[in-house]
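Residue 381 in this note's numbering is what sits at position 371 of the sequence shown, and the numbering runs on without skipping anything.
The structure under discussion appears below in the form of structure tokens.
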Amino acid sequence: MKNHFVSFMKNIFDSGHAEAAPLEEGQECWYLPIFGVYHPKKPDQIRVVFDSSAQFKGISLNNVMLTGPDLTNSLLGLLTRFRKESIAVTADIQQMSHCFIVREDDRNYLRFLWYRNNNVDDRIVEYRMKVHVFGNSPSPAVATYGLRRTTQAGEGEFGEDAKQYVERDFYVDNALKSMPTASEAIDLLQRMQGMLATANLRLHKIASSSAEGIQHVGFILGKAKLAPQPEHTIPRLELCGAVLATEVAELILDELDIKLDAVKFYTDSKVVLGYINNQTRRFYTYISNRVERIRRSTQPEQWNYVPTDQNPADLATRSVPASLLKQTIWLTGPAFLLRRDGGPCTTKETFGLIEPESDKEIRPQVTTFVTDVQPRSPLSPHHFEHFSKWTTLVRAIARLMHIADCFHRPMRGTTGSCNGWHHCTVPRTEDELSRARKSTFRCVQQAAYASEIRSINKGEDLPRVSTLRKLNPRMGEDGLLRIGGRLWNAKLDKNGRNPLIIPSQSHIAIFLVRHYHEKVKHQGRHFTEGAIRSAGLWIVGAKRCVASIIHKCIRCRKLRGKQEEQKMADLPADRLSVEPPFTSVGIDVFGPWTVIFRHTRGGLANSKRWAVLFTCMSTRAVHIEVIESMDSSSFINALRRFFAIRGPAKQLRSDCGTNFTGACKELKISTENVEDDSVRKYLSDQGCIWIFNPPHSSHMGGAWERMIGVARRILDSMLGDVGSTRLSHEVLTTLMAEVSAIINSRPLIPVSTDPESPFILTPATLLTQKTDVLTAPTEEASTADLYRRQWRQVQSFANTFWRHWKNEYLATLQVRNKWQSNRPDIQEDDLVLLKDNQAKRNEWPMGRILKSIPSADGKVRKVEVMIAKQGVARTFFRPIVETVLLLSRKDMDK
């Protein structure tokens with residue numbers, strides 16, 4: 011905005027619309043605030059507003075000026091006349107308000123403050139406007155009156171219709187006119203431009219519904235030169251043509267008294283365009299001089315590419331008879347010049363050098379290294395941030411101090427290779443490392459505790475706000491700040507009695523904590539902090555500092571990091587909707603049991619059996635079917651029996667068991683992306699939706715896992731009475747039916763002790779429509795009465811069940827027993843540890859999150875993880891409870 015503002019003010023001064031205010035005292039004057047505004051559709055064009063409505067002590071300039079008569083034409087009438095004829099023409103008067111001069115006696119009321127010589131680095135001085143400004147209340151009346159006086163004076167020369175054009179078809183400075191033909195519109199516009207030019211008014215922004223009115227290409231000048239001898243290369247000749255185009259453009263601009271809105275150049279050589287747009291490479295003399303000549307008069311943005319078949323200049327290089335030129339584009343130019351958007355040849359395109367490494371006109375690149383010797387500066391803690399480990403930093407400081415000592419050491423009489431600047435490969439001694447450590451500590455202490463060190467050196471008490479006041483710090487003999495404390499009489503060494511003080515905010519504190527944390531083999535905070543204290547170091551606020559760094563330690567997260575969790579999701583709609591039993595069903599398989607298959611001469615032949623449990627997601631009723639094997643065909647038969655007894659279901663939920671996925675394959679239902687919209691629509695067309703939980707996510711199937719646990723306990727009790735030698739397929743099927751009946755008769759809510767509320771809410775109430783064994787009626791009744799009473803009894807049972815289900819059972823589902831807090835979601839590209847039940851924790855593989863899958867509430871509870879095993883990448887679909895976050899994407903970016 012600053013550059014736009016300064017450019018606008020430059021145009022005002024260059025146009026003579028403003029002048030420096032005279033330094034006269036005692037004159038009455040008014041100062042106008044100025045500010046810039048942008049049009050929403052013109053972000054690069056600013057308009058500076060002189061605010062005549064700004065008030066001072068309740069008075070503004072517009073309050074005391076006469077607005078003048080309303081000379082503006084009716085907008086409704088103007089638009090009505092605009093639709094009269096077939097050729098529509100619009101135009102605009104450039105800066106109409108600035109075209110009318112203010113009397114010198116009144117210019118002091120248009121003063122404003124601006125930088126001297128339009129230099130924002132100079133002081134502010136007073137200016138005043140010489141013309142009417144946009145925003146003054148009388149400006150529209152003055153401009154309209156001046157415009158009409160201009161047409162009245164030019165009526166005799168330019169015609170009556172030109173005068174009527176202004177008086178009837180102008181709205182302030184905008185002209186809207188319709189004419190019968192394009193030729194009449196062009197004639198009127200030309201006469202209007204001539205008439206307004208007599209008063210220094212410029213009609214521009216002419217637009218028309220006819221291409222003849224505004225889209226015209228006129229031939230002005232063409233020039234060609236013979237190729238010089240000896241012959242030059244084609245790129246050199248093309249570049250000479252570009253120089254010639256620049257010279258012709260300068261000639262036209264000098265000789266024609268026309269202000270052009272834009273000048274564009276076209277060439278069919280992309281090599282030349284690369285030369286002109288070059289910003290990185292240097293040329294040899296011939297190309298360099300001509301590119302400099304072009305850049306001196308034009309900008310690279312003015313140059314565009316045009317195909318050879320659309321380039322009129324290409325005709326000048328061939329033998330074309332003059333009689334045939336009218337049939338070519340030499341006089342008319344290419345067709346795209348007539349297009350309103352300028353065509354594809356005017357699109358903004360960046361042109362680079364063509365094969366710069368093989369172009370003989372381009373100088374080869376030379377890499378030059380410059381050594382900039384800076385003045386000697388003390389060691390600063392920010393230099394330490396370029397290191398990642400404490401030992402690396404100490405060795406680097408020790409090596410640097412060693413080289414500095416060798417450089418300043420007198421050369422005479424010295425022996426060995428360690429002289430002056432050199433690459434030293436000799437290991438550093440413990441004395442050198444100790445000296446480097448002390449220098450590092452001293453640098454950190456002076457940066458963090460400068461005021462405390464000054465107070466101690468002066469013998470003054472520390473300020474009350476100092477964090478070291480309780481530690482009674484003292485300066486040691488080595489110039490390091492140490493704890494004074496109360497242990498001077500203790501029989502301890504110097505480091506134990508007076509440890510060094512390290513600020514926790516410094517980068518060195520992070521290095522030290524990591525160093526000693528690794529030395530104690532990634533143990534907890536107490537071990538790490540104890541190792542730091544034993545080394546004679548006292549980190550201020552060590553508890554929080556150590557805990558924070560251990561929390562971020564990747565190795566500790568791998569060994570002891572908690573698995574991810576998220577706030578428990580809301581129950582799905584199928585758990586909370588009033589629907590017929592087994593409309594939404596959860597499925598799982600449990601077992602096996604050994605049953606007697608057949609009797610043989612040598613004894614008994616045994617076989618295994620499993621059971622498929624179907625549970626209604628809303629009523630919590632169960633149905634159990636026995637299957638002979640764990641393959642897909644056995645499960646499909648069990649599913650068919652279930653549908654035959656309970657009716658078809660709308661939605662099935664299960665885990666990713668192989669028998670379930672196999673059944674989906676047999677039923678031509680894909681298990682991939684079963685929650686995607688396209689596949690969901692396909693399954694809906696089949697009349698059933700099957701939703702699979704991610705692998706290893708038994709907590710997402712708690713509705714059926716809980717029922718399997720209950721069924722196992724009941725069945726274990728029954729099998730104890732039957733005995734293993736008497737368990738056959740028929741007996742097991744009977745037991746499973748009884749298990750289903752017992753589970754369905756369980757209360758869904760606590761049993762009430764109120765004698766007036768004997769109803770017990772169980773799934774069997776809705777399935778069997780009876781609470782006890784019904785006895786035969788004691789009196790004769792007609793068939794119609796019997797059916798009526800039975801229907802009412804069935805309806806009463808159903809209504810009673812759903813009423814208690816809504817009022818009492820749903821309330822028990824409100825509580826979140828765990829996972830009660832919102833946690834940060836796992837994001838894509840996070841580094842995680844993937845749980846593997848078949849391996850030890852330190853062997854769990856690391857993986858990267860490929861995709862995080864949000865639930866309906868926007869929280870991520872399922873992810874897609876990619877791991878690499880033995881050089882092969884594999885992708886797994888897992889719940890977040892099976893992952894341990896090691897490093898988030900945000901931390902990796904840092």
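By construction, the Cβ of each residue, glycine as well, lies at the ideal position given by its N, Cα and C atoms.
For the beta strand (DSSP E) that contains residue i, what are its first and last residues?
i, result
"Pro150", "Counting along the chain, Pro150 falls outside any beta strand (DSSP E), though it belongs to the alpha helix (DSSP H) covering 149 to 163."
"Arg373", "Looking at the DSSP string, Arg373 is not in any beta strand (DSSP E), and its letter there is neither H nor E."
"Thr885", "882 to 889"
"Ala217", "213 to 218"
"Val636", "632 to 637"
"His49", "44 to 49"
"Lys879", "870 to 879"
"Gly857", "856 to 864"
Express the C-alpha separation of residue j and residue i in angstroms, rounding to a whole number.
i, j, result
"Gly697", "Lys660", "6 Å"
"Tyr41", "Asp835", "58 Å"
"Gln174", "Ala31", "40 Å"
"Arg651", "Ser639", "16 Å"
"Gln320", "Cys250", "20 Å"
"Gly596", "Gln830", "25 Å"
"Ala28", "Tyr155", "22 Å"
"Val112", "Gly362", "53 Å"
"Pro602", "Gly551", "59 Å"
"Pro889", "Pro704", "6 Å"
"Glu574", "Arg858", "14 Å"
"Leu213", "Tyr181", "14 Å"
"Gly343", "Arg178", "38 Å"
"Val141", "Ala195", "32 Å"
"Lys562", "Cys555", "11 Å"
"Thr785", "Thr778", "The pLDDT assigned to Thr785 is 37, lower than 50, so where the model puts this residue is not dependable, and the model offers no usable value."
"Ala654", "Leu843", "46 Å"
"Cys626", "Ser664", "12 Å"
Leaving aside the five residues before and after residue i along the sequence, list all residues of the same chain whose C-beta is less than 8 Å from its C-beta, in chain order.
i, result
"Leu325", "Leu335, Thr338, Ile339, Trp340"
"Phe451", "Leu490, Leu510, Ile512, Ile518"
"Ala408", "Arg438, Glu442, Leu443, Arg445, Ala446"
"Leu261", "Leu231"
"Val143", "Leu42, Phe60, Ser62, Ser107, His108, Leu120, Ser149"
Skipping 5 residues on each side, what residues in its chain have a beta carbon closer than 6 Å to that of residue i?
i, result
"Ile724", "Val749, Ile752"
What did DSSP end up calling residue i once you bin it into helix, strand or coil?
i, result
"Val141", "strand"
"Asn647", "helix"
"His396", "helix"
"Glu114", "helix"
"Asp171", "helix"
"Leu86", "helix"
"Trp815", "helix"
"Tyr797", "Note that Tyr797 has pLDDT 46, beneath the 50 cutoff, so the model's placement of it is unreliable and the number below is only indicative. Helix at Tyr797."
"Asp979", "Past the edges of the chain, shown from 11 to 904, lies residue 979, and the structure says nothing about it."
"Val842", "strand"
"Arg445", "helix"
"Ser898", "coil"
"Val825", "coil"
"Asn314", "strand"
First and last residue of the alpha helix (DSSP H) that includes residue i?
i, result
"Thr295", "295 to 307"
"Ala714", "It is Trp, not Ala, that sits at residue 714 in the sequence shown. Residues 712 to 732."
"Lys568", "564 to 570"
"Phe521", "517 to 529"
"Thr538", "535 to 544"
"Glu241", "That residue, Glu241, is in no alpha helix (DSSP H); it is neither H nor E in DSSP."
Give every residue of the same chain whose Cβ lies closer than 7 Å to the Cβ of residue i, excluding the five residues on either side of it in the sequence, and list them in chain order.
i, result
"Ile520", "Ile559"
"Ala414", "none"
task: Spell out a yes or no on whether the stretch 722 to 729 and the stretch 740 to 751 are touching, meaning 3 or more CB-CB pairs, one atom from each, closer than 8 Å.
output: Contact holds: three or more Cβ-Cβ distances are below 8 Å.
task: Spell out a yes or no on whether the stretch 841 to 848 and the stretch 816 to 825 are touching, meaning 3 or more CB-CB pairs, one atom from each, closer than 8 Å.
output: Judged by pairs of C-beta atoms under 8 Å, the stretch 841 to 848 does not touch the stretch 816 to 825, as fewer than three such pairs exist.
field: Inter-stretch contact (C-beta, 8 Å, three-pair minimum) for the stretch 180 to 188 and the stretch 115 to 133
entry: Result no; under three Cβ-Cβ pairs closer than 8 Å.
query: So does the stretch 295 to 314 actually touch the stretch 268 to 287, counting three or more Cβ pairs closer than 8 Å?
result: Short answer: they touch.
message: Would you call the stretch 276 to 293 in contact with the stretch 312 to 319, where contact means no fewer than 3 C-beta pairs closer than 8 Å?
response: The stretch 276 to 293 makes contact with the stretch 312 to 319, as at least three CB pairs between them are under 8 Å.
message: Within 8 Å, do at least three Cβ pairs link the stretch 160 to 173 to the stretch 68 to 86?
response: No: fewer than three Cβ pairs fall under 8 Å.
field: Stretch-stretch touch, CB-based, cutoff 8 Å, three pairs: the stretch 576 to 592 with the stretch 537 to 545
entry: For the pair of segments examined, the stretch 576 to 592 was found not to touch the stretch 537 to 545: the number of CB pairs separated by less than 8 Å stays below three.
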